[in-house]
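To keep things clear, I will list the structure first and then write my remarks on it.
Number of protein chains: 2
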Amino acid sequence: MPTDSEPTTDPLVLFGQRLVQLRKERGWSQEQLALECGMARSYLGGVERGKRNIALLNICKLADALSVSPDEMLQFQED
Amino acid sequence: MPTDSEPTTDPLVLFGQRLVQLRKERGWSQEQLALECGMARSYLGGVERGKRNIALLNICKLADALSVSPDEMLQFQED
Chain S
1 MPTDSEPTTD
11 PLVLFGQRLV
21 QLRKERGWSQ
31 EQLALECGMA
41 RSYLGGVERG
51 KRNIALLNIC
61 KLADALSVSP
71 DEMLQFQED
Chain Y
1 MPTDSEPTTD
11 PLVLFGQRLV
21 QLRKERGWSQ
31 EQLALECGMA
41 RSYLGGVERG
51 KRNIALLNIC
61 KLADALSVSP
71 DEMLQFQED
């Protein structure tokens, strides 16, 4: 039976977790990331919560803002 | 001055090239890939030509069909 602590396999949630991780590694708030990548903070919040099916151009914009390669954005944690 | 042989930096084109590469490594036609991933062949053609801003869920569906991890889909060739 699934529990709250069971790792998710939802790619949108995994991407959101990865984004939070990369953002926090830089010590950035959502506001700071929003400024760096030119997206709305509310949109980024939805992405981080796994509520948005983000498209490739925005994935690459985030990678650029975070100074990682696009594929690093999709290196999800296997808990 | 840009020429036809100059490498592109358009993420949509780079993704399309990567998809063609992974598909051909498997010896698959676009029709075969369409069957494996459950997307329309015409849509995949647009993705391969860099005309579609494909979203994360479809990137992950393609990764699954091609038996690669999602991040491998974004390992673009640096020509």
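Line order of the protein sequences matches chains S and Y.
Letter by letter, the first sequence follows residues 1 to 79 in the working numbering.
Letter by letter, the second sequence follows residues 1 to 79 in the working numbering.
Where a beta carbon is used, it is the ideal one built from N, C-alpha and C, also for glycine.
Taking all protein chains shown into account, do 16 or more other C-beta atoms lie within 10 angstroms of the C-beta of residue 38 of chain Y, making it buried, or fewer, making it exposed? exposed
Can you tell me where the alpha helix (DSSP H) with residue 59 of chain Y in it begins and where it stops? 56-65
Check whether the region 25-43 of chain Y and the region 63-73 of chain S touch, using three or more Cβ-Cβ pairs below 8 Å as the test. no
Beta-carbon within less than 6 Å of residue 18 of chain S's beta-carbon, same chain only, minus the 5 sequence neighbours each way: which residues are those? 76
Any C-beta of chain Y sitting closer than 8 Å to the C-beta of residue 81 of chain S? Not covered by the structure: residue 81 of chain S. The range shown for chain S is 1 to 79.
Give me the Cα-Cα distance between residue 24 of chain S and residue 7 of chain S, rounded to the nearest whole angstrom. 20 Å
Using a cut-off of 8 Å between C-beta atoms, extract the partners of residue 7 of chain Y located in chain S. Those do not exist, as residue 7 of chain Y stays about 15 Å from chain S at its closest Cβ, beyond 8 Å.
Quick one: which chain S residues come within Cβ less than 9 Å of residue 75 of chain Y? 69, 70, 71
Between the region 44-67 of chain Y and chain S, which residues of the former have CB atoms less than 8 Å from a CB of the latter, in chain order? 53, 54, 55, 56, 57, 59, 60
Excluding sequence positions up to five away, which residues of its chain have a Cβ less than 6 Å from the Cβ of residue 52 of chain Y? 46
Decide if residue 31 of chain S is buried, meaning its Cβ has at least 16 other Cβ atoms within 10 Å, or exposed. exposed
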